[in-house]
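First comes the structure, then the notes that go with it.
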Amino acid sequence: MAGRQSGRSRAVLLPYLLGLSLMVMPSIQARRLRFVTLLYRHGDRSPMKTYPKDPYQEEHWPQGFGQLTKEGMLQHWELGQALRQRYEGFLNTSYHRQEIYVRSTDFDRTLMSAEANLAGLFPPSEMQHFNPNISWQPIPVHTVPVFEDRLLKFPLGPCPRYEQLQNETRQTPEYQNRTVQNAQFLEMVANETGLTDLNLESIWNVYDTLFCEQAHGLFLPPWASPQTMQRLSQLKDFGLRFLFGIHEQVEKSRLQGGVLLAQIRKNLTLMATTSQLPKLLVYSAHDTTLGALQMALNVYNGKQAPYASCHIFELFREDNGNFSVEMYFWNESKKDPWPLILPGCPHRCPLQDFIHLTEPVIPKDWQKECQLASDTADTEVIVALAVCGSILFLLIVLLLTVLFRMQAQPPGYHHVADREDHA
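Residue 1 is where the sequence shown starts when you use our numbering, and the numbers rise one by one after that.
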């Protein structure tokens, strides 16, 4: 009898104890995406400029030089759709301003690329249609004037130390050898184009013009053979590496791409501790922006970033409560993005390791490292001296005026008020 009662007691207590244990055990959360930063290049555009002998001058292009084309608009709309599919469940199906912030450089092509991208990323829901015939809604894109942009427009300047490093880069064996190896080729291109100041740093303009014309179905001149175009492309890629690498890449990165990387690191750290930022932060910029950032991260593949290519940072909260960063490069929206691996870390890089490994390229005081601090101090001293000098001059003038008036009055003369004034 006692045995049966004991068995019934255990049967009653077991579910109770099981429930109690579940209550005291720490909950295990599944790995989840917390924050995303995107940096993309604008879409297809017209040439930045052309050369004197080019039959296709600016009037040939409907909106002029350096402007986004219909092809570029479509490229970014498709990238926006691909991003919508990738972040299904992370982003709301409809636009919510608290979820996303977009910043662009102050150029037509980057602003318009961001707008086209948002059209693909956030098609209006039924409640968001302001016109039944338009499947689009306005979404803010923020910018600052070009001369104030210290985040996305590269190379950053003025920076005397960076210019000094560039002069040193021109003296490196790699740069000197490239100059000698391509001297005759550069001379040929200069003769065919009518350009007089062609060098390794400006040759990209010729390639860019011919590439844009070819992409839009225009006939290239006979001298622009496939072999010539290939060589121009290689020199164009060398020119981009010259900006941010080849010589003293770490220090160049501290003065260039490290500035943007510092902001990205700050945002990642902030989102790992709070939720003060939108879930999606987007930068619309240029090939030089991507090149500067990827060289700072030491993940640059040596090639110019294609139109509408996109560097992705994804911040995850792991099931153990720690955070990790994954990077991807999307150079064709119809294919999966390529995983990027920060040297010294696995693809799923712990946030603290990501911060530690990128520390060498983060500037501590950009103005000082650019050797601008002394110039600023000198300016402040000059301004202070000028102000003090002006005050001293005014005091002297005031003193002389008082002395002159005292000397001009006859001895013993005093002004007596007219008593009638107070009548």
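Every residue gets a Cβ at the ideal spot worked out from N, C-alpha and C, and that includes glycine.
Notebook entry, point to check: Apart from the five residues just before and just after L218, which ones in its own chain have a Cβ nearer than 7 Å to its Cβ?
Noted result: Here the set comprises Y56.
Notebook entry, point to check: Just reading off the alpha helix (DSSP H) that E251 is part of, what are its end residues?
Noted result: In the DSSP assignment, E251 falls within the unbroken alpha helix (DSSP H) covering Q249 to L255.
Margin query: Given a cut-off of 8 Å on the beta-carbon distance, is the pair E369 and R254 in contact?
Written below: Yes, they are a contact pair.
Check: Quick one, are the C-beta atoms of C310 and L38 less than 8 Å apart?
Finding: Taking 8 Å as the Cβ cut-off, C310 and L38 qualify as a contacting pair.
Notebook entry, point to check: Helix, strand or coil: which one does DSSP assign to W338?
Noted result: Residue state, collapsed to three classes: strand.
Item checked: Beta-carbon proximity of A308 to Q75, cut-off 8 Å -> Yes, these two residues count as a Cβ contact at 8 Å.
Next item on the list: Excluding the 5 residues preceding and the 5 following Y207 in the sequence, name in chain order all residues of the same chain whose CB lies nearer than 8 Å to its CB.
Entry: Closer than 8 Å at Cβ, skipping near neighbours: M229, L232, S233, L235 and K236.
Margin query: Looking at the secondary structure, which residues open and close the beta strand (DSSP E) in which C310 lies?
Written below: The continuous beta strand (DSSP E) containing C310 extends over residues C310 to R317.
Next item on the list: Report the three-state DSSP secondary structure of W204 (helix, strand or coil).
Entry: Three-state result, W204: helix.
Next item on the list: Give the secondary structure of P132 by DSSP, where H, G and I count as helix, E and B as strand, and everything else as coil.
Entry: DSSP places P132 in coil when its eight states are reduced to three.
Next item on the list: With DSSP as the reference, please indicate the residues paired to R68 in a beta bridge.
Entry: In the sequence on display, residue 68 carries Leu and not Arg. Beta-bridge annotation (DSSP): L68 is paired with R45.
Notebook entry, point to check: Does the beta carbon of N117 come closer than 8 Å to any beta carbon on chain D?
Noted result: Chain labels in this structure do not include chain D; a single protein chain is all it has.
Next item on the list: Examine the ligand COA and report whether any of its heavy atoms sits within less than 7 Å of the Cβ of Q171.
Entry: Only the bare structure without any ligand can be found here, which leaves the ligand COA out of the picture.
Notebook entry, point to check: For L151, which of D197, M327, L261 and D54 has the nearest alpha-carbon?
Noted result: Cα-wise, what sits closest to L151 is L261.
Check: Measuring CB to CB, does R86 end up less than 8 Å from A285?
Finding: For R86 and A285, no; Cβs fall outside 8 Å.
Check: Excluding sequence positions up to five away, which residues of its chain have a Cβ less than 6 Å from the Cβ of T93?
Finding: Close CB contacts of T93 within its chain, under the 6 Å cut and outside five residues either way in sequence, are absent.
Checklist line | W223, buried or exposed, once every other Cβ within 10 Å from all chains shown has been counted against 16 | finding: W223 is exposed by the Cβ-count criterion.
Check: Among the residues of its own chain, which have a CB less than 7 Å from the CB of L293, if the five just before and after it don't count?
Finding: Once the five neighbours on either side are set aside, the close Cβ partners of L293 are L39, G257, L260, L261 and H311.
Check: Taking Cβ positions, are H216 and E168 nearer each other than 8 Å?
Finding: No, Cβ-Cβ distance for H216 and E168 is not below 8 Å.
Check: DSSP state of F35, grouped into three classes?
Finding: The answer is strand: DSSP assigns F35 an E or B state.
Check: Using the C-alpha atoms, what's the distance from S113 back to V36?
Finding: If I take the Cα positions, the gap works out to 19 Å.
Notebook entry, point to check: Cα separation between E201 and T273?
Noted result: Per the coordinates, the alpha-carbon of E201 lies some 44 Å from the alpha-carbon of T273.
Margin query: Cutting at 6 Å between CB atoms, please list the residues of its own chain near D375, excluding the five before and the five after it.
Written below: Here D375 scores only 44 on pLDDT, less than 50, and its place in the model is too uncertain to base an answer on.
Check: Buried or exposed: which applies to G344, given that a residue is buried once 16 or more other Cβ atoms fall within 10 Å of its Cβ?
Finding: Residue environment analysis places G344 among the exposed positions, since fewer than 16 neighbouring C-beta atoms fall within 10 angstroms of its C-beta.
Check: Near G194, what residues of its chain come up, given a Cβ to Cβ distance below 8 Å and the 5 sequence neighbours on each side ignored?
Finding: Same-chain partners within the cutoff: Y51, P52 and K53.
Margin query: I need the boundaries of the alpha helix (DSSP H) containing M127, first residue and last residue.
Written below: Counting along the chain, no alpha helix (DSSP H) covers M127, and no H or E run does either.
Item checked: The beta strand (DSSP E) enclosing R103, as first and last residue numbers -> Its beta strand (DSSP E) spans residues I100 to S104.
Check: Hey, Q137 and F130: beta-carbon distance below 8 Å or not?
Finding: Contact: yes.
Item checked: Cβ pair R161, Q371 closer than 8 Å -> At a Cβ-Cβ threshold of 8 Å, R161 and Q371 count as neighbours.
Next item on the list: Look up V325 in the DSSP assignment and give the residues it is bridged to.
Entry: Beta-bridge pairing links V325 to L315 and C349.
Next item on the list: Could you work out which residue in F185, T143 and G66 is closest to R45 when comparing CA atoms only?
Entry: Nearest in C-alpha terms to R45, of all of F185, T143 and G66, is G66.
Notebook entry, point to check: Is the Cβ-Cβ distance between F154 and T358 less than 8 Å?
Noted result: It is not a contact, given that the beta carbons lie outside the stated cut-off.
Notebook entry, point to check: What is the DSSP secondary structure of V180, reduced to helix, strand or coil?
Noted result: Secondary structure at V180: helix, using DSSP grouped into helix, strand and coil.
Check: Alpha carbon to alpha carbon, what distance is there between V189 and P226?
Finding: Computed Cα separation, rounded: 14 Å.
Notebook entry, point to check: P47: buried (16+ other C-beta within 10 angstroms of its C-beta) or exposed?
Noted result: The residue is buried, with at least 16 neighbouring Cβ atoms inside 10 Å.
Item checked: Strand pairing of S284, partner residues [DSSP] -> Per DSSP, the beta-bridge partners of S284 are Y40 and S104.
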